[in-house]
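Undergrad: What follows is a structure written as structure tokens; I'll ask about it next.
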Amino acid sequence: VLIHTIFYRPLGVISDLPRILHNGSQNLEAVGMTTDVPITDDNASIVSIGTRQQAVLPMYDLVIHATVESLIALVITGGNSIVLVSILLHGSLRTVNNMFVTSLAIADLIMGVIVSPLRIYMVYLKPIIYGELTQSRLTCQFRLFFQNISFGVSLYSLCGIALDRYIAIVHPLKYKNILTHRRAGRSIVCIWIYIILLSAVPFLVKDSVSFEDGDTCLLNQVVKPLFFTFAKVHVFLAIFLTVTAHTIVAVIAARTNAKIKAELVSFNNNIAVAHRNESRIAKAMISVVGVFLICWLPQTIASFIKLENEPAWYKSLYCYLIALLVANSGMNPWIYAIKLKRMREAMKNVVQCGRP
60 VLIHTIFYRP
70 LGVISDLPRI
80 LHNGSQNLEA
90 VGMTTDVPIT
100 DDNASIVSIG
110 TRQQAVLPMY
120 DLVIHATVES
130 LIALVITGGN
140 SIVLVSILLH
150 GSLRTVNNMF
160 VTSLAIADLI
170 MGVIVSPLRI
180 YMVYLKPIIY
190 GELTQSRLTC
200 QFRLFFQNIS
210 FGVSLYSLCG
220 IALDRYIAIV
230 HPLKYKNILT
240 HRRAGRSIVC
250 IWIYIILLSA
260 VPFLVKDSVS
270 FEDGDTCLLN
280 QVVKPLFFTF
290 AKVHVFLAIF
300 LTVTAHTIVA
310 VIAARTNAKI
320 KAELVSFNNN
330 IAVAHRNESR
340 IAKAMISVVG
350 VFLICWLPQT
360 IASFIKLENE
370 PAWYKSLYCY
380 LIALLVANSG
390 MNPWIYAIKL
400 KRMREAMKNV
410 VQCGRP
């Protein structure tokens with residue numbers, strides 16, 4: 060689409076786009092509508108539309124953001140597809156821990172296939188190609204519904220992984236009896252049902268959504284404050300549980316790992332080998348959580364910063380923070396490939412189209 064815009068659109072239309080958009084903005088103001096990312100010439104920094112002032116992203120900035128987020132979406136889709144196919148084709152990877160990894164990969168795939176392309180189209184490509192700044196209420200609701208599912212399931216799948224690693228490291232002899240495939244499967248189904256229902260509530264309950272055609276399609280501007288606060292509580296609760304569980308695992312592993320290994324070797328060498336493998340998996344999952352925090356915390360902190368008049372550089376920076384958050388969905392497959400030998404071999408096998 061970007062190539063079509065640059066090379067095949069009439070040059071007069073592209074060069075005249077700021078004037079077209081300026082006139083369009085005046086028309087929108089006349090009917091009291093607002094825009095998501097208004098465009099004007101590079102010298103402008105703030106544009107007043109309707110009753111709200113918003114920062115301006117120049118044309119070159121929109122193209123850069125669209126390109127970056129398009130590449131991220133491709134990486135997310137490709138990486139998580141390989142992970143899912145690897146687990147599907149290789150029976151040795153169908154462990155309890157990888158059941159939660161599968162849930163996480165599906166949630167990340169939703170981000171790459173549905174949410175990210177819709178965001179790129181609504182926020183960047185519509186202004187670039189059509190000069191159309193208004194946003195459909197239905198399209199916005201559709202995107203936010205799947206965005207909430209992707210984020211929510213990702214968070215609580217990480218919680219499941221944290222619980223799995225805690226039991227595997229702290230209670231290695233009881234692990235298989237405590238966390239069976241059936242219990243893990245039920246937990247994952249409950250997570251998906253709960254998050255889907257939670258994501259649907261703001262759009263099913265009357266007067267819970269304040270979005271009108273032309274408004275900015277952001278969760279904190281679309282959903283009433285009560286639901287937005289409720290969502291934030293869920294995010295921080297999931298982060299707290301995940302970080303706490305992995306911290307406990309890391310501390311216990313550091314203090315007692317040698318002692319546990321010695322006891323297991325004297326009891327059963329096969330169990331000792333299994334525990335060593337579980338420890339490697341735990342380290343990989345701690346890396347997943349660490350990368351998750353690095354990607355999520357900047358945007359989460361920035362979401363609490365409210366500026367009356369957002370300058371253009373801040374608007375652009377915030378878009379990059381969102382891109383970093385979205386990019387987290389494409390990083391997990393790389394962590395698996397680097398940290399986990401069996402997963403790396405399976406993924407390599409899939410990429411090379413070899414037999415499992």
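Quick note: to get my numbering, add 59 to the position in the sequence shown (first position is 1).
Note that beta-carbon positions come from the ideal geometry of N, C-alpha and C, so glycine has one too.
These figures come from a predicted structure and were not determined experimentally.
1. Quick check: the Cα distance between V142 and P231, rounded to an integer number of angstroms?
2. For the 8 Å Cβ check, are there 3 or more pairs between the segment 157-169 and the segment 114-123?
3. Can you tell me whether G389 is buried or exposed, with buried defined as 16 or more other CB within 10 angstroms of its CB?
4. Report buried or exposed for G171, applying the criterion of at least 16 other Cβ atoms within 10 angstroms of its Cβ.
5. In this structure, how does DSSP classify K407 when only helix, strand and coil are distinguished?
6. Run the CB neighbour count on C412, radius 10 Å, all protein chains shown included, and call it buried at 16 or more, exposed below.
7. When you compare only the Cα positions, how much space is there between T359 and K400?
8. In angstroms with no decimal places, state the Cα-to-Cα distance between L256 and I250.
9. Please report the distance separating the alpha-carbon of R339 from that of K398.
10. Could you tell me the distance, in whole angstroms, from the CA atom of C218 to the CA atom of F286?
11. Using a threshold of 7 Å, state whether the C-beta atoms of Y215 and V308 are closer than that.
12. Can you list, in chain order, the residues of its chain whose CB lies under 8 Å from that of W393, leaving out five sequence neighbours each side?
13. For a quick check, are the C-beta atoms of A221 and T301 less than 7 Å apart?
14. Between the segment 146-157 and the segment 194-210, are three or more C-beta pairs nearer than 8 Å?
15. Give the DSSP-derived three-state secondary structure of S213 in the structure shown.
16. Return the chain-ordered list of same chain residues with a C-beta closer than 6 Å to the C-beta of L383, the five sequence neighbours on each side being excluded.
17. Looking only at C-alpha atoms, which of F210, D120 and F159 sits nearest to P186?
18. What residue from T239, A341 and A259 has the CA that sits closest to F201's CA?
19. According to DSSP, is R153 helix, strand or coil?
20. Please classify G190 as buried or exposed, where buried requires at least 16 other C-beta atoms within 10 Å of its C-beta.
21. Taking C-alpha atoms, which residue in A371, A361, A396 and N408 lies nearest to M503?
22. Can you give the Cα-Cα distance for L168 and I146, rounded to whole angstroms?
23. Is the CB-CB distance between M158 and A243 below 7 Å?
24. Measuring alpha carbon to alpha carbon, tell me which residue in T306, Y180 and W372 is nearest A341.
TA: The structure says:
1. By one-based count along the sequence shown, residue 142 stands at place 83. By one-based count along the sequence shown, residue 231 stands at place 172. Annotation: V142 to P231 spans about 26 Å, alpha carbon to alpha carbon.
2. Counting C-beta pairs closer than 8 Å gives fewer than three between the segment 157-169 and the segment 114-123, which falls short of the contact rule.
3. The sequence position of residue 389 within the sequence shown is 330, counting from 1. Here G389 is buried. Its C-beta has 16 or more other C-beta atoms within 10 Å.
4. For the purposes of this step, residue 171 is taken as residue 112 along the sequence shown, with counting starting at 1. So G171 counts as buried.
5. Residue numbering aside, residue 407 sits at position 348 when the sequence shown is read from its first letter. Look at K407 here: in three-state DSSP terms it is helix.
6. The residue you call residue 412 lines up with position 353 of the sequence shown. By the neighbour-count rule (16 or more Cβ atoms within 10 Å), C412 is not buried but exposed.
7. Here residue 359 corresponds to residue number 300 of the sequence shown, with the count starting at 1. Here residue 400 corresponds to residue number 341 of the sequence shown, with the count starting at 1. In this structure, the alpha-carbon of T359 lies about 33 Å from that of K400.
8. Translated into positions along the sequence shown, residue 256 becomes position 197. Translated into positions along the sequence shown, residue 250 becomes position 191. Roughly 10 Å between the two C-alpha positions.
9. By 1-based counting over the sequence shown, the position of residue 339 is 280. By 1-based counting over the sequence shown, the position of residue 398 is 339. Near 8 Å, if we compare the C-alpha coordinates of K398 and R339.
10. Translated into positions along the sequence shown, residue 218 becomes position 159. Translated into positions along the sequence shown, residue 286 becomes position 227. In a straight line, the C-alpha of C218 is about 22 Å away from that of F286.
11. Translated into the one-based positions of the sequence shown, residue 215 becomes position 156. Translated into the one-based positions of the sequence shown, residue 308 becomes position 249. Not a contact, by the Cβ cut-off of 7 Å.
12. Indexing the sequence shown from 1 puts residue 393 at position 334. If you ignore the 5 residues before and after W393, its C-beta comes within less than 8 Å of the C-beta of G138, all in its own chain and listed in chain order.
13. The sequence position of residue 221 within the sequence shown is 162, counting from 1. The sequence position of residue 301 within the sequence shown is 242, counting from 1. A221 places its beta carbon less than 7 Å from that of T301.
14. These segments do not touch.
15. Within the sequence shown, the letter at position 154 stands for residue 213. In the structure shown, S213 falls within a helical segment according to DSSP collapsed to helix, strand and coil.
16. Numbered from its first residue, the sequence shown carries residue 383 at position 324. Here the set comprises C354.
17. For the purposes of this step, residue 186 is identified with residue 127 of the sequence shown, where counting begins at 1. Of the listed residues, the one whose Cα sits closest to P186 is D120.
18. Reading the sequence shown from its first residue, position 142 is the one you call residue 201. If we check each option's Cα against that of F201, A259 comes out closest.
19. Here residue 153 refers to the residue found at position 94 of the sequence shown. Coil.
20. Along the sequence shown, read from residue 1 onward, the residue named residue 190 stands at position 131. That one is buried.
21. Nothing in the structure corresponds to residue 503, since the chain is present only between 60 and 415.
22. To locate residue 168, count along the sequence shown from 1; it is residue 109. To locate residue 146, count along the sequence shown from 1; it is residue 87. Cα to Cα, the separation comes out at about 15 Å.
23. Working through the sequence shown from its first residue, we reach residue 158 at position 99. Working through the sequence shown from its first residue, we reach residue 243 at position 184. Taking 7 Å as the Cβ cut-off, M158 and A243 qualify as a contacting pair.
24. The residue labelled residue 341 in the question sits at position 282 within the sequence shown. Answer by Cα proximity: T306.
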